[in-house]
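Asker: Residue numbers (the UniProt record's numbering), protein chains in the order written: chain A, 1 to 795; chain B, 1 to 744.
Every residue gets a Cβ at the ideal spot worked out from N, C-alpha and C, and that includes glycine.
Model, not experiment: these values are computed from the prediction.
(1) Here's a check: name, in chain order, each residue in its chain whose Cβ is nearer than 6 Å to the Cβ of residue 454 of chain B, leaving out the five neighbours to either side.
(2) Consider the Cβ of residue 237 of chain B: report whether some Cβ of chain A lies at a distance smaller than 8 Å.
(3) Nearest chain B C-beta to residue 793 of chain A closer than 8 Å, yes or no?
(4) Can you tell me whether residue 448 of chain B is buried or exposed? The criterion is at least 16 other CB atoms within 10 Å of its CB, across all chains shown.
(5) Comparing alpha-carbon positions, which option in A/179, A/200, A/302, A/297 lies nearest residue 244 of chain A?
(6) Closer than 8 Å by beta-carbon distance: list the chain B residues that pair up with residue 342 of chain A, in chain order.
(7) Going along the chain, which residues of its own chain have a beta-carbon closer than 8 Å to the beta-carbon of residue 88 of chain A, five neighbours each way excluded?
(8) Where does the unbroken beta strand (DSSP E) through residue 278 of chain A begin, and where does it stop?
(9) Which residues, in chain order, does the UniProt repeat "WD" (167-198) of chain B contribute to contact with chain A at a C-beta distance below 9 Å?
(10) Quick check on residue 216 of chain B - is its C-beta less than 8 Å from some C-beta in chain A?
(11) Using a Cβ-Cβ cutoff of less than 8 Å, which residues in the same chain neighbour residue 745 of chain B once the five nearest sequence positions on both sides are dropped?
(12) If the cut is a Cβ gap below 9 Å, which residues of chain B does residue 378 of chain A touch?
(13) Of the residues A/431, A/435, A/388, A/386, which one's Cα is nearest the Cα of residue 410 of chain A?
(14) Using Cβ-Cβ distances below 7 Å, what residues of the segment 370-401 of chain A are close to chain B?
(15) Quick one: grab the DSSP three-state call for residue 228 of chain A.
(16) Any heavy atom of the ligand SAH inside 7 Å of the beta-carbon of residue 397 of chain B?
(17) Do you know how far the Cα of residue 568 of chain A is from the Cα of residue 474 of chain A?
(18) I think residue 543 of chain A touches residue 582 of chain A, with their Cβ atoms under 8 Å apart; what is that distance to the nearest whole Å?
(19) Less than 8 Å between the C-beta atoms of residue 773 of chain A and residue 447 of chain A, yes or no?
(20) Can you name the residues of chain B whose CB is closer than 9 Å to the CB of residue 415 of chain A?
(21) Leaving out five residues on either side along the sequence, give the residues of the same chain with a beta carbon under 7 Å from the beta carbon of residue 783 of chain A.
(22) Is residue 581 of chain B helix, strand or coil by DSSP?
(23) Which class does residue 137 of chain A belong to by DSSP, given the choice of helix, strand or coil?
(24) Buried or exposed: residue 383 of chain A, going by 16 or more other Cβ atoms within 10 Å of its Cβ?
(25) Count the C-beta pairs between the segment 219-234 of chain A and the segment 137-144 of chain A that are closer than 8 Å, then say yes if the count reaches three, no if not.
(26) Given that residue 206 of chain B touches chain A, what residues does it touch there, using C-beta distances under 8 Å?
(27) Can you name the residues of chain A whose CB is closer than 7 Å to the CB of residue 211 of chain B?
(28) Between the alpha carbons of residue 462 of chain A and residue 520 of chain A, how many angstroms are there, rounded?
(29) Determine the contact status of residue 339 of chain A and residue 386 of chain A, defining contact as a CB-CB distance below 8 Å.
(30) Measure from the C-beta of residue 66 of chain B to each C-beta in chain A and report whether the shortest distance is under 8 Å.
(31) Taking DSSP as the reference, what is the three-state secondary structure of residue 309 of chain A?
(32) Span of the beta strand (DSSP E) holding residue 199 of chain B?
(33) Just the Cα atoms here: how many angstroms apart are residue 838 of chain A and residue 735 of chain A?
(34) Classify residue 367 of chain A as buried or exposed, calling it buried when 16 or more other Cβ atoms lie within 10 Å of its own Cβ.
(35) Quick one: residues in its chain with C-beta nearer than 6 Å to the C-beta of residue 508 of chain A, no 5 flanking neighbours on either side, listed in chain order?
(36) Quick check on residue 635 of chain A: buried or exposed, where buried means 16 or more other Cβ atoms within 10 Å of its Cβ?
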């Protein structure tokens, strides 16, 4: 019975549900078996809530429209598809919305001429940010998104996205909490999840049996977790060595618990609820104080005031943010209101206090972060007050989570970007590492490219898309658009079986194989492409070791599949017409067991390099299937790497924008790499704020290395001198105006092209053409739900 | 003629009262403000001008209360002195000479007095500008702040500067600053309308600020209330905004205050606020955000586009006032009378908008008609203008719109004048469409105005038009040619031409010199034609910027501008040599001047001052200073009359008080004649007037006693002739006498 109850509620909350009559009918139709009398009053309760409340819920959950949500829900669509993976095979001739899809352009620089496929048909939609949790000791920021995925960013390593744990369908995470180095989450499905951060997967999920969970928080001592449930209970869980154990409930309240905060001593808990705040004594489990939050004035009087967020300070001050738009300060001794700040007309959704409790940030649904500071009003006197100080406007939509870390304010919300706003008064030296940073895209590759057959594989959370690139004809001047002879076409849409989202995927260079892996399964398909007839067959009997992978990669001749799995090991499987055969496992000699996030195979099929989250890079000899060597560990994470086809040197890019070239055969850094380290990189290069995502080599010109990040494409000519801080870094325009002779003396190794923006992937094709996959941020913005309407002056 | 020393140029009434923030005395009874060379003292309750502190010989640039004695006030002036006054009695106590430093702080008071010792005439102007630098100063002696351009320096225990970061497009230069009276908090106003509250600035790096934004244009002024609970701000929007300190987005507004707010000051008890506005106005506001008094000076906009005129009925000076209005200003009483709304459209307080402005105005000889021209679109190509005619309504005692002519001409009206005859009123307008038109009131049944005649001359653009004193001739100048027309037959009588140069100004002589026509040209020539012979009588080479005939004598005043100063010549057209010359009247160009008839003529026999006997010459400089000439005898008389005022300490000097006091003196005389018992009702009356209403006994008890106090005992004494007068004053001053009227 209890199981049914939680399931039903979870459906309720995830889809938001039952607002419209059609939605209700739908629920009736599919879930008649769950409709038990005991739920009736609950449903009525929900319906009685005003429409506005549900509108707010809809926004916070991140759905465009209720009906739309239902339709796009894969659960309903899948109902009839009888477990087939391939839902449909698509033949696209020329559709209008894709017209700008492939633009072929010439990119002619001093370094040569490229034909560019400008790809804009990858409709990647980042998911909104729901929760943030900062770990002071390890300097890691955990981010939970609407689609249930959890990411871990390394704050002191330029906010590199170290770990990604993909989400599942319908697991709405509502809260995240660190306990020591362990990460817990809880969500509307009523379960508490612990993550295995080493292997980047869910460790276990246990049900709290209290209905949907709205909040989870651990105490500072690291002994207990408290969760706030829909049924009005605060449940305490004891954190054990390997599991968590339910301990007891605090006094049950009538309405749901929206937010929780421990007193730093761990003896008291403040809970934000509908219209009130309760303070509990953890020892006895009884409520000490009950403080009523005011509802809004006028028409909003009838609406409940939701205490979205609560913070308990060590001096006994309780700070709350509520749906009326107030940040209120309460005294826990007397249970009275000390001061209230009207921050916004809408909701204050998130609060976060700094480590030394002298600064507080509040995120609102208008997309504004407001800072409060604990400042002494008169010099050399101790009577300090909380005063509202700065305002940060970096978001367009609701801010669902904020966190104040040592030197910055981190905020995230419905507009799916993670904004790191530095606090300049806390920073000693201003540098690139302390600049304002907006993270839009994952620091992983979502696109793989079959270079030899011109196919692109796009990875969405729930499906894969295979596209064939278009063709162009004629020649044009640099910068002009070419006539498109053949439009790009979508060959295949592959839907994931099961509820897990895709972790990684790859298409083989020949275009004959597609592989993807979720947290639980790995699937390999054989692709037959015969003119316009496309068919795929699933390889049914896979070796047992290939059950799940952290990273996938094909060898350059498409004969082998490399799959990174647990313990930093790589499994090799050989591919043939008949099927897939396990060949062997590559294991590092020593070192950490962190999951591998990058794989690179050499062109000649002799070497394989793997990089894991502990910054280790191992090189394996594929012929002997033994570990060859380990690159000296650098302090910053590897963001991209590639093996040079001619010299077999491993080229690595790091999160702090440093680059290394390591000769595999000689097991040492190359001379060029040593020169780079000795002379240092140009200031402008080091100050870029997005990591490089791909390393390519130009077979026509072996001294060229092609790199890209989100904003630019760069060609490094290893034969030219390196720029020092005095030389002009972006010098293409200057070079153009110079004569041939002068050009030689002026040019340096870095050629930067900023023609393309918001780049997800750049790939060099064998015919000397570049594929640039762009995802303009404006397109993402148009697909987001409408933000709260704000009156602007003079409009 | 030798320049005589007994005529000097004085700043007359209508000086700026908004140059510096006004101050309110600590008992909230008086408002002090600088006004030209004077410091004026007004009553906060009756808005009445009580007296002025006279003594500075140049522009007063700042005043502040003496913190040691709240009945004294310091004033500083461009003349290089700092003076200490008793402002209730108007007595000068001390004079300090400040010299040497460019900026020096007065040791006793905490206001930065910016004094500049001029070395030459030009630097004096600079000093005036610099005086605006001085600003709101915290009472805390350890904290002094002043803003200058884009940098704000905080002098605390350590000195450091905050630079306004010039981001692209962001206009965050500092415009004003105010210190919190108790907390370590500084408020700064910015050019883009934001207000920032800085805190923690004693630590070099950990300073923090919060930003508020309501004003859409630059914040002109900021002021904390004395307790520091509120912050007041004002700007061009002419809305006084009150921010609650601490709860920053709670704010109150007091809109529609008039011109843009330049300064705000608060009384020391926080009960009253004063705002001074760009239209030369001081508004007294209660702490409950109600306007309780308006002290209006002569409104000076950015430019006076109309001529200075004298309303023939009220003898008031008429010129541009509030945007779109004409103001009537009594020069004798130095008081703003009223505004006449000409444009009758809402004025939007925002910079850079093209709005209707009154550019021309003219009265007929009797003052029963007023013609106005309003236009907009000076900068853009599409000019829009209206000619309006207003009739004086005897019943309402004001002008009523009679006719609006939308397309009087096809191009801008250059000049406009009424005929000067008593019988028929005729208006002549000359415009850039090379035509001049005569407008007459229609036949008996039609009382609106219509066009009577259109004249032109060789398609030349007219530049000026003028009627002769008896209206028998109309002179219209077309570029270099003057044409003389007969208004009766509309026949061109003759043309006068004296090349080279375009005619700039034109006027007929008066009285005995009415046969002369005077004209000035752009080639610096002043010509005088004899209309009987149609010949040039005389001409002289002088660059005349303004020619102004005196309507009561033959005299004509000519202002000439050369080498950075203006000279004045007064002459009779019939005589070749001037009656009076005054070199270096002022340093700017003079474009507007007017002769104002005196109430009672002076009988000075001195030849040089004779021309001032019947009327007084006022002129307006480019700096918008209204100046006049005064003679020594006049000043003596003024001085002697002001000394007659004996002022009671306890009561604000109002006309009501003066009346009552006079009456009291008289009655005291009467009382001493009769018996001393009749002092008693006098006391009753006084106690009634001075005791707050809520501590008085019931009205029924008091009523009979109060009425009795007004009755004169019959015992042998005559009826007091003043008692009806007293009732009249009661009616005239309802504000003070409210309770008493109810009882009666």
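Answerer: Looking at the atomic coordinates:
(1) 435, 437, listed in sequence order.
(2) Interface annotation, residue 237 of chain B: not in contact with chain A, CB-CB separation never under 8 Å.
(3) Judged by the 8 Å Cβ criterion, residue 793 of chain A is in contact with chain B.
(4) Burial check for residue 448 of chain B: the Cβ neighbour count within 10 Å stays below 16, so the residue is exposed.
(5) Looking at the Cα atoms, A/179 is the closest of the given residues.
(6) Under the 8 Å cutoff, chain B gives 247, 249, 250.
(7) The predicted model places residue 88 of chain A with a pLDDT of 23, which falls under 50 and marks its position as unreliable, so this point remains unresolved.
(8) 276-281 is the extent of the beta strand (DSSP E) around residue 278 of chain A.
(9) Cβ contacts with chain A: 180, 182, 183, 184, 185, 197.
(10) At least one chain A Cβ lies under 8 Å of residue 216 of chain B.
(11) Lying outside 1 to 744, the shown extent of chain B, residue 745 of chain B is not represented and no answer is given.
(12) Those within 9 Å of residue 378 of chain A in chain B are 182, 183, 184.
(13) The shortest CA-to-CA distance from residue 410 of chain A to any of A/431, A/435, A/388, A/386 is the one to A/435.
(14) The segment 370-401 of chain A vs chain B, Cβ under 7 Å: 373, 375, 377, 378, 379, 387, 388, 389, 390, 391.
(15) Three-state DSSP puts residue 228 of chain A in a strand.
(16) Among the components modelled here there is no ligand, and therefore nothing to report on the ligand SAH.
(17) Each residue's Cα considered, the two are about 49 Å apart.
(18) Cβ-Cβ separation between residue 543 of chain A and residue 582 of chain A: approximately 4 Å, consistent with a contact (criterion under 8 Å).
(19) With respect to the 8 Å criterion, residue 773 of chain A and residue 447 of chain A are classified as neighbours on the basis of their beta carbons.
(20) From the beta-carbon of residue 415 of chain A, no residue of chain B is found nearer than 9 Å; the closest lies around 23 Å away.
(21) Contacts found: 125.
(22) Residue 581 of chain B: strand per DSSP, three-state reduction.
(23) It is coil, neither helix nor strand.
(24) Within a 10 Å sphere around the beta-carbon of residue 383 of chain A sit fewer than 16 other beta-carbons, which makes this residue exposed.
(25) No contact exists between the segment 219-234 of chain A and the segment 137-144 of chain A.
(26) For residue 206 of chain B, the neighbours in chain A by C-beta distance under 8 Å run, in chain order, 425.
(27) Annotation: Cβ neighbours of residue 211 of chain B in chain A (cutoff 7 Å, chain order): 391.
(28) Distance between residue 462 of chain A and residue 520 of chain A, taken at the CA atoms: about 14 Å.
(29) Between residue 339 of chain A and residue 386 of chain A, the C-beta spacing is below 8 Å.
(30) Chain A contact via Cβ: absent.
(31) In the three-state reduction of the DSSP assignment, residue 309 of chain A falls in the strand class, which pools E and B.
(32) From DSSP, the beta strand (DSSP E) with residue 199 of chain B extends over 194-199.
(33) The first residue shown for chain A is 1 and the last is 795, placing residue 838 of chain A beyond what the model contains.
(34) Burial state of residue 367 of chain A is buried, judged by a 10 Å Cβ sphere holding 16 or more other Cβ atoms.
(35) Answer for residue 508 of chain A: 554, 558, listed in chain order.
(36) When all chains shown are included, residue 635 of chain A counts as exposed.
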